[in-house]
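Okay, structure first, notes after.
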Amino acid sequence: MCFFGKVDMDSYIVLDLEWNQSPNGREYSNKDLPFEIIEIGAIKLDSKLKKVDEFHRVIKPTVYKKMHFKVHEVVQIGIGELKKKGVPFTEAIKDFFEFCELDNKRKKTILCTWGNLDLVELQRNMKFYNVENKFEYPLFYYDIQKLFNIRYPNGEQDRIPLERAVNMLNIENNRPFHHALDDALYTAKVMQNMDFGPVSEYYSLDYYRVPRSSEEEIYLHFSGYSKFVSTFFPTKEEAIADKHNSDLICDRCNRMLKKKIKWFSTNQRNYYCIGICPEHGIVKGKIRVRKNDDGYYVIKTTKVVDTATFEEIREKYEESKQKKLIKSKRRFLKDSEEV
1 MCFFGKVDMD
11 SYIVLDLEWN
21 QSPNGREYSN
31 KDLPFEIIEI
41 GAIKLDSKLK
51 KVDEFHRVIK
61 PTVYKKMHFK
71 VHEVVQIGIG
81 ELKKKGVPFT
91 EAIKDFFEFC
101 ELDNKRKKTI
111 LCTWGNLDLV
121 ELQRNMKFYN
131 VENKFEYPLF
141 YYDIQKLFNI
151 RYPNGEQDRI
161 PLERAVNMLN
171 IENNRPFHHA
181 LDDALYTAKV
191 MQNMDFGPVS
201 EYYSLDYYRV
211 PRSSEEEIYL
221 HFSGYSKFVS
231 TFFPTKEEAI
241 ADKHNSDLIC
251 DRCNRMLKKK
261 IKWFSTNQRN
271 YYCIGICPEH
281 GIVKGKIRVR
291 KNDDGYYVIK
301 TTKVVDTATF
311 EEIREKYEES
321 KQKKLIKSKR
331 RFLKDSEEV
């Protein structure tokens, strides 16, 4: 499935969640629901990014009946209020679906979040409570935090917190943070004040549901780079070795490229390669291998880069070779000593 560039939307649903976790630590978590949603807040914007409606539900906990101390420190709601005023998750999510108008197929609506975690946890909670997933597949959304970093690059690798973005744009902050509805409102105000248009083509893809077959594999084309999402593989090694996953293609002309620097990794999570396109020059490939309950899958990005980036990748490659050589020598010496 191929997708290209910007699509004009009729509606934007700016979503924020608050969740709780095991008060006794990770080892006591429910493996099927490590984070239990306790609050849903959302702001609906029209095609011009004007607010037209809002949504708020407090959810009665069923898994974690006490608040984790760190959650208690930051959220603006207590466990007593959750038990007293909260509604079942199944009721809250049904109301949220209606708020989003998901059954209106003629209306183009996209979800917006600050960061990339909320939709994963929302769908995990839906699965736990056996709620039908009514979101489109593939599910595209706007990660406003990512878009803010693109729009206002500051040389930092870490993403900017919502409160800092609000302050940078001189948005009035007379409501508390870490409250689902208020954070959704602040995120909407960031969208309204950040000159959203120039970055609106850079939508994100939700990875909670990934391709279940090669026919469902996803190709995304943006200005400046392309992205590919593979289907599942039983092992990480098989995912990396698959020829389709390891092919390097120029993101501008779709030409298959011979690799000048073959795929290598420095940390077993990210893999890099370099190829040369006769028309567009140096092309960098990057693979991230991810795992979920079904197996391993690959997210591959390709991008035309400059010589400085080429040198950076080449240095990483040489460092990787050196580390492998040292490890090989150590293994040889250890085997020799045992003999």
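Residue 1 is where the sequence shown starts when you use UniProt numbering, and the numbers rise one by one after that. Even for Gly, the Cβ is constructed at its ideal location relative to N, Cα and C.
Sequence-distant partners of I313 (beyond 5 residues in either direction) whose C-beta falls short of 7 Å from its own C-beta, in its chain, are I261, Y272, I274 and K284. Annotated three-state conformation of C250 is coil, per DSSP. Closest option to N245, judged by alpha-carbon separation, among R255, D251, Y12 and T231: T231.
Contact fails between the segment 232-243 and the segment 163-175, because fewer than three Cβ pairs, one in each stretch, are under 8 Å apart.
In chain order, G41 and L181 place their CB closer than 6 Å to the CB of H56, counting only its own chain and leaving out the 5 sequence neighbours on each side. Cβ atoms of N20 and V71 come within 8 Å of each other, at about 5 Å. Excluding the 5 residues flanking it on each side, N133 has same chain C-beta neighbours closer than 7 Å at Q123 and M126, in chain order. Here K65 carries a coil assignment [DSSP, helix/strand/coil]. When secondary structure is reduced to three states using DSSP, Y28 falls in the helix class. Residues I40, R57 and I59 of the same chain have their beta carbon placed closer than 7 Å to that of A92, with the five preceding and five following residues left out of the count.
Beta-bridge analysis with DSSP links M256 to I249.
Take K236, set aside five residues on each side of it, and the residues of its chain with a beta-carbon closer than 7 Å to its own are V289 and Y296, in chain order. Pairing K316 with D247, the inter-Cα distance amounts to about 20 Å. The shortest CA-to-CA distance from F96 to any of V131, M67 and L257 is the one to V131. When the beta-carbon positions are compared, S213 and L220 stay at least 8 Å from each other. The three-state reading of DSSP puts E136 in coil, since its state is none of H, G, I, E or B.
With respect to the 8 Å criterion, D143 and D16 are not classified as neighbours on the basis of their beta carbons.
CA-to-CA, the gap between S265 and R159 works out to about 24 Å. 8 Å or more divides the Cβ of F99 from the Cβ of S204. When the beta-carbon positions are compared, V75 and E18 come within less than 8 Å of each other.
The continuous beta strand (DSSP E) containing F222 extends over residues I218 to F222.
The beta carbon of D32 sits closer than 7 Å to the beta carbons of F128 from its chain, once the five residues preceding and following it are set aside; these are given in chain order. Excluding residues up to 5 positions away in sequence, K66 and H68 lie with their Cβ nearer than 6 Å to the Cβ of P23 in the same chain.
Nearest neighbour of F228 by Cα position, chosen from A165, L147 and P138, turns out to be P138. When DSSP states are grouped into helix, strand and coil, I160 belongs to the coil group. Partner residues in the beta bridge of R57, as assigned by DSSP, are I40. Each of Y207, E27, P161 and I282 was checked against the Cα of E121, and the nearest Cα belongs to Y207. E18 is bridged by DSSP to E39. T307 is not a Cβ neighbour of I276, given a cutoff of 8 Å. The alpha carbon of M9 has as its nearest neighbour, out of T109, D53 and T309, the alpha carbon of T109. Straight-line measurement puts the Cα of L147 at about 28 Å from the Cα of E73.
When the Cα atoms are used, F89 and P198 turn out to be separated by approximately 37 Å.
Here the C-alpha atom of I171 lies approximately 19 Å from the C-alpha atom of V52.
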